[in-house]
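A short worksheet on the structure shown next.
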Amino acid sequence: MEILKKYPKLFQWLFLLLVFFGLCFAIDVPETYKFIRGQAEFVKDPNQSTYVFLGKEVRYYAFDVFWRLPPLLGWLPIWINDSLFFLMNEWMPLEFWNEDTQEFKTRPLLLEVSRKLTFFMTFLIELIREILIGGINTIVTFTGWDWISDNPWAELPGLPWTIVTAGAVLLSYHLSGKGLALFAGLTMVYISIFGQWKPSMQTLSFILVAAPLSFIFGLGLGIAAFRNKRVEKALYPILLVMQTMPQYAVLVPAMVLFGVGDHAAVIITMVVAIPPMILLTILGLRAVPPEVIEAGKMSGCNNWQLMFKVLIPTARRDILIGVNQVIMVCFSMAVISAFIAAKGLGYNLLLALNRLDIGLALEAGLCISLIAILLDKMSLAWANKQEDYFGNLTFIQRNKNILFFVGAVIVGILLAYIGTYLFKGTHNYLFEVPHNKGISTADFWNRGVDWIFDTFFVYIKAFNTWLIQDVLQPMRALYLRMPAIATIVLVVGAGYLIGGIRSALIVCGLTLFIALSPWWDRALVTTYMATFGVIVSCTIGFIVGTLSFQNKHSASFMLGVCDIFQTFPSFVYLIPVMMLFGITDTSVLIAVIVYATIPATRYTIEGLRSVPAGLHDAATMSGVNKFQRLTKIEFPLAFPHMMLGINQTIVFALFMVIIGAFIGTEDLGQYILKALSDKNGAGIGLTLGVCVAFIALIFDNLIRSWVEKRKKHLGIA
Amino acid sequence: MSEAVIKCESVYKIFGENAKKMLQEANGNVDAKTFQDNGCIVGVNNASFEVAKGEMLVVMGLSGSGKSTLLRCISRLTEATGGKIFIEGQDLLQLKNKELIDLRRNKMGMVFQSFALLPHKTVVENIAFPLQIKGIKVEESIGKAMEMVKLVGLDGRENYFPRELSGGQQQRVGIARSLAVEPDIWFLDEPFSALDPLIRKEMQDEFLRLQEQLKKTIMFITHDFDEALKLADRIAIMKDGLIEQLDTPAKIVLNPATEYVRKFTEEVPREKVLLIEDVMDKATDSVGDLKVLKDEVIENVAEKILTQEKTVGVIDDKNNLIGSINPSKIINTVFGGRRNGN
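Quick mapping for you: the protein sequence lines, in order, are chains A and B. Per this note's numbering, residue -16 is the first one in the first sequence, and the count goes up by one each step. Per this note's numbering, residue 271 is the first one in the second sequence, and the count goes up by one each step.
Quick look at the structure:
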């Protein structure tokens, strides 16, 4: 009894585990149960049960409710899908004037809106794209095909790569200085001479449309939420789900509403990129010191002046960090959107991966990575740039970068013109290097991969087999062996013990949604892959983080490495693992581990760094050695922050597991991929995405509640 | 006393959800403890006072005493829960938003503890900000702001950004900004608290010099009793939202109204605070040759008086004999009388 009183929590946890395992052993696996590879509603099988709800028939394999809950939400995806279909094709038919046929035509409102939006987006993208690489669509939009075939001179020629490169260099120099300018120059030259110019500019034009639009909407909504508590309350749950929903899953409904192509990708990118912008806007505005606001009010600002002359300029840095986030999200979406046929680097990468052309994939991937780093560094430099005073400079001094750019444009045009004489009869390399005429290292890489395969095949295969047979399969079997009721008891009990009744209810709701969806088994597989990834990632991240923390320089270096790796779109990580391990679960897991180790390492270092220096000194003066200091002082204090890292690690791991479906897994991601090619997939894709988001939110809720409690306990809240 | 520029009548500020209702029910009898039990915090409790034109009222109190809250009620940065506030006879709490903005643009200036400068504007732009908000053209406002830059002695640094200035310099900018619209009423919320002691003293002297020139109506908030004594025409001492005593520095030092106030006055060097006038006795005929002015601080004339054997006469600026002071009284004032509390 004494011990019981001393550690009440410990016994509560033990009791919970006891109940969990008791349930696991008490409930036998039904004899008919097997992991179903197909989707229940498409399999016609006399053993299936059915029920009808809201006019939708749901088919499923019935088991004891303790073993698997019946998919009472099975109608949801079908219903979402039908509703979408109804909204798009039947709801609110209105008369619209048709330019081409010169008559009124009846069309559902939403379809018309989506058409108009599509038209507008396509126009924007085409416009920017044609400024960068030339074309005729913009001119045609204003004039017509007949006009352009009569006046072929009017075709937009596009900017020579030399000018774009000069622009990037000058902008980098203006924002940061020589270092970044050099990097920008090298990146652009690399892109050009390796023949990636066209897809890169396609991707860039995509970002140039999506990012500013996301910024404007995000800022506007952020301001609205800052000014009005009710707006914030309404937005918050949406923001939370959007932050944890795999980007990949939102592609499906976008396809239904807007079709495939760049415009659909831009719209859906905005949906994904706006939430972080909103959050950072609110955060930045909140961080403005109250006295500054009061100073503004006492200066006689009205609401408008207060917002635009005081609050936003003061919150400038946070808002620009939001811009950085927006740009990075847009970039990674630009790559993933290849799945819905958005043009650009991602598309080339996807094609190369589909053909298993690792060399080409590597080149595209390297290009993507370089551009990602460049965009990240440039937007961060913009955020951190302090304004300078210009009033005392002459016109030339003030505008020297612009003048240089004008000079570069003239020189670029001249060079391109000279190029037409220099490269008669062949391509004008001073204008653009076509993709098949650039230097290619694909062969080299392919040979390298072949060599690795030939040399190490035995070892890789052995490792692969061992991992799959001795680690992954048993683990997966264990996860699937859990009766649904036991899992729910475990999760809800944990919620109650950590965060009280409120937490338990939230977690219970989230779990029930997944349990009642038709994909509980898939969700278990997703969770198993994510758990495996998270455990390994956290172990690696923890060790690497702790080791590199021992030295100030290595810690900064490690953080820098994390920064760079984090900018790569998740998709890029699949290239090297496919190169080494081919198409297996191992590949996915390794990609998951590599990707999820980034936040684990980062948060370990940051957590250890956040321990106040005074405590270090106090500990040293108490005569602790290095190891004691680490275990007695630094770990306990840094632990809450490190737990937040685990939170991020879980989100990262889930993202990667879902993307990994591209290689071939049997989890929720695989169904999302299937939904992409299914014309009735919207409801399924959306529900699947919500399921994945909920898995992340369950862990998020548990970890956050724990961290808050712990921080309060330690007095560092 | 001339017309009151700021006038407060039983001003209350109570934080909490049912503040208004509870205040009505309390019927003018607000007890911090009962309010706290009901989830309300009393910020300002029944504050009534007037500030005359050209007067400097220093509100002194420790943190949490409600002094900043009181100031924010009077500048209407927070809404008072109850009571009336008049600014030059206008009922402040009845003003519409537009009128309030107008009042702030023309009549009020405020200086903040953390300077509250706009980080993206230079010194001169910061100072010109209230003018530009008013709608004055850029050139004109910059010209006016440059005058202010000179007034606070920052010439040569007008194109610096706040981040490039020291704390004292930043507060000079804050002061200049609050004065740019030439307000009649000047609020200062612990303006020198964030500064080093030496800089603080320098800024206090500078502030007195400015006030000598400008003669604004001032409410000055501080937690530093010495600062209050040095600057104030009158001091209001606050504790738990209540004004414990409101009087001239000398009277507070000589007659602390409550035990709480007395604790502050204990350590005060009286010879630096009190004037001859404050301690003199009635005029008698038997005064010696030495005469002292009634407005002299004791410290400055103590040595002269103490060398006299006879009683010293006190005269006003028109050379009329209005009182007398005995050397023993000086000794008593400076060294004695602390234990018995007067």
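All C-beta atoms in this analysis are idealised placements derived from N, C-alpha and C, irrespective of residue type, glycine included. What you are looking at is a predicted structure, and each value in this text was computed from that prediction instead of being measured.
Of all the CB atoms in chain A, is at least one closer than 7 Å to the CB of residue i?
i, result
"L362 (chain B)", "no"
"H493 (chain B)", "no"
"T432 (chain B)", "One detail in the question is off: residue 432 (chain B) reads as Pro in this sequence, not Thr. No, because no Cβ of chain A sits closer than 7 Å to the Cβ of P432 (chain B)."
"M473 (chain B)", "no"
"R375 (chain B)", "yes"
"M271 (chain B)", "In this prediction, M271 (chain B) scores a pLDDT of 43, lower than 50, which makes its location untrustworthy; the coordinate-derived value is nonetheless stated afterwards. No, no contact with chain A."
"M380 (chain B)", "yes"
Can you list, in chain order, the residues of its chain with a C-beta nearer than 6 Å to that of residue i? Leave out the 5 residues immediately preceding and following it.
i, result
"P140 (chain A)", "G117"
"M271 (chain B)", "Note on M271 (chain B): pLDDT 43, under 50, position unreliable in the model; no value is reported."
"I471 (chain A)", "T494"
Going along chain A in order, which residues have a C-beta closer than 8 Å to the C-beta of residue i?
i, result
"A386 (chain B)", "P272, E274, V275, E277 and A278"
"S411 (chain B)", "Ordered by position in chain A, no residue passes the 8 Å Cβ test against S411 (chain B), which lies about 12 Å from the chain."
"Q383 (chain B)", "E274"
From which residue to which residue does the beta strand (DSSP E) around residue i run?
i, result
"T581 (chain B)", "T581 to I585"
"I513 (chain B)", "L512 to D517"
"E709 (chain A)", "The requested residue 709 (chain A) does not occur in the structure, where chain A is confined to residues -16 to 700."
"W80 (chain A)", "P76 to N81"
"M378 (chain B)", "M378 to V381"
"F36 (chain A)", "S32 to F36"
"G593 (chain B)", "L591 to I595"
"D559 (chain B)", "V557 to L563"
Are the C-beta atoms of residue i and some chain B residue less than 7 Å apart?
i, result
"Q380 (chain A)", "no"
"K695 (chain A)", "no"
"E95 (chain A)", "no"
Mind pulling the chain B residues with CB within less than 9 Å of residue i?
i, result
"V293 (chain A)", "L388 and F399"
"P296 (chain A)", "L388, P389, H390 and K391"
Any idea which residues DSSP pairs residue i with across the strands?
i, result
"R504 (chain B)", "B:L327"
"D459 (chain B)", "B:I491"
"A322 (chain B)", "B:A274"
"L669 (chain A)", "None; L669 (chain A) has no bridge partner."
"F285 (chain B)", "B:I311"
"L387 (chain B)", "None; L387 (chain B) has no bridge partner."
Mind listing the chain A neighbours of residue i? Cutoff is C-beta to C-beta under 7 Å, in chain order.
i, result
"S345 (chain B)", "M281"
Terminal residues of the continuous alpha helix (DSSP H) containing residue i?
i, result
"K88 (chain A)", "Here K88 (chain A) belongs to no alpha helix (DSSP H); instead the beta strand (DSSP E) covers E86 to P91."
"G352 (chain B)", "That residue, G352 (chain B), is in no alpha helix (DSSP H); its beta strand (DSSP E) goes G352 to I357."
"Y654 (chain A)", "L651 to L659"
"G628 (chain A)", "F618 to G643"
"K280 (chain A)", "P273 to M281"
"V474 (chain A)", "A467 to L499"
"S702 (chain A)", "In the structure as shown, chain A starts at -16 and stops at 700, and residue 702 (chain A) therefore has no counterpart that could be examined."
Along chain B, in chain order, which residues have C-beta atoms closer than 8 Å to that of residue i?
i, result
"Q288 (chain A)", "I403"
"E370 (chain A)", "H390 and F431"
Does the ligand FMN have even one heavy atom less than 6 Å from the beta-carbon of residue i?
i, result
"P54 (chain A)", "Among the ligands in the structure shown, none appear at all, so the ligand FMN cannot be discussed."
Name, please, each residue of chain A whose Cβ falls closer than 9 Å to the Cβ of residue i.
i, result
"I371 (chain B)", "K280, G283, C284 and N285"
Chain B partners of residue i, CB-CB under 7 Å?
i, result
"R299 (chain A)", "H390"
Excluding five sequence neighbours on each side, which residues of the same chain lie with their C-beta closer than 7 Å to the C-beta of residue i?
i, result
"L92 (chain A)", "W74, M75 and L77"
"R609 (chain B)", "Model confidence at R609 (chain B) stands at a pLDDT of 47, short of 50, so the residue's coordinates are unreliable and nothing is read from them."
"F645 (chain A)", "L557 and L656"
"L499 (chain A)", "L52, P54, L55 and L56"
Which residues in the same chain as residue i place their Cβ atom closer than 8 Å to its Cβ, once the five residues preceding and following it in sequence are excluded?
i, result
"Q440 (chain B)", "F385, L387 and P432"
"V443 (chain B)", "F385, L387, V393, N396, I397, V422, L424, P432 and L435"
"E219 (chain B)", "The requested residue 219 (chain B) does not occur in the structure, where chain B is confined to residues 271 to 612."
"K485 (chain B)", "G324"
"L576 (chain B)", "P597, I600 and I601"
"V306 (chain A)", "A194, F198, M260, S362, W365 and A366"
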